[in-house]
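Residue numbers (the UniProt record's numbering): 1 to 136.
Here it is in structure tokens:
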């Protein structure tokens, strides 16, 4: 079945977090009729978000680690648009900067590697605050 027949499939990393939930709401409101599935990929899940599914649009919550390429690749199968909103942010300075940098950089690299043919929603690197300082 072609993309035009089935509607777009979105994958939102960090989909159960603050930004991910707001992106879900926007997609549900503004993309109705264009989207057949929205996948919310997150380490900490909120399965109640699947209740937003309708007859024509399925919302799927997937628990996984954005730093694990095989998990990202599996969640990315047949995805048309990948929105990257997952990140590790530490406002209390309890996590070493090297860990935060590693998670956020690997997140963005796994996104690009797992979905080379998918649109990246104009590369919105919302979660990767340090990506601008890398050679990724």
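Think of the CB as a built atom: it goes at the ideal place given N, C-alpha and C, for glycine as much as any other residue. Predicted, not measured: the structure shown is a model, and the values here were computed from it.
### Query
From residue 8 to residue 28, what distance separates their C-alpha atoms?
So the alpha carbons of these two residues sit roughly 12 Å apart.
### Task
Quick one: grab the DSSP three-state call for residue 45.
Looking at residue 45 - three-state DSSP - the assignment turns out to be coil, as it is neither helix nor strand.
### Task
Verify whether the separation of the beta carbon atoms of residue 73 and residue 114 is less than 8 Å.
Using a Cβ distance threshold of 8 Å, residue 73 and residue 114 count as a contacting pair.
### Message
Give me the residue from 87, 51, 65 with the minimum Cα distance to residue 43.
### Response
Between residue 43 and the set 87, 51, 65, the nearest pair of CA atoms involves 65.
### Query
Among 71, 67, 112, 79, which has the Cα closest to the Cα of residue 6?
Comparing Cα-Cα distances from residue 6 to each of 71, 67, 112, 79, the minimum goes to 79.
### Query
If you draw a straight line from the alpha carbon of residue 37 to that of residue 59, how long is it in whole angstroms?
Using only the alpha carbons, I get a separation of about 6 Å.
### Task
Could you tell me if residue 77 is buried or exposed, where buried requires 16 or more neighbouring beta carbons within 10 angstroms of its beta carbon?
Counting Cβ neighbours within 10 Å, residue 77 comes out exposed, since fewer than 16 surround it.
### Query
Under the DSSP definition of a beta bridge, which residues are partnered with residue 83?
BP columns for residue 83 point to 12.
### Query
In terms of residue numbering, what span does the beta strand (DSSP E) encompassing residue 58 cover?
Counting along the chain, the beta strand (DSSP E) containing residue 58 begins and ends at 58–63.
### Message
Judging by CA-CA distance, which residue of 89, 49, 84, 54 is the nearest neighbour of residue 32?
### Response
For the residues 89, 49, 84, 54, the minimum Cα distance to residue 32 belongs to 54.
### Query
Looking at the structure shown, is residue 29 part of a helix, part of a strand, or coil, going by DSSP?
Here residue 29 sits in helix by DSSP.
### Query
By DSSP, does residue 95 sit in helix, in strand, or in coil?
Here DSSP, grouped into helix, strand and coil, assigns residue 95 to coil.
### Message
Between 70, 67, 81, 35, which has its C-alpha nearest residue 56's C-alpha?
### Response
The shortest C-alpha to C-alpha distance from residue 56 to any of 70, 67, 81, 35 is the one to 35.
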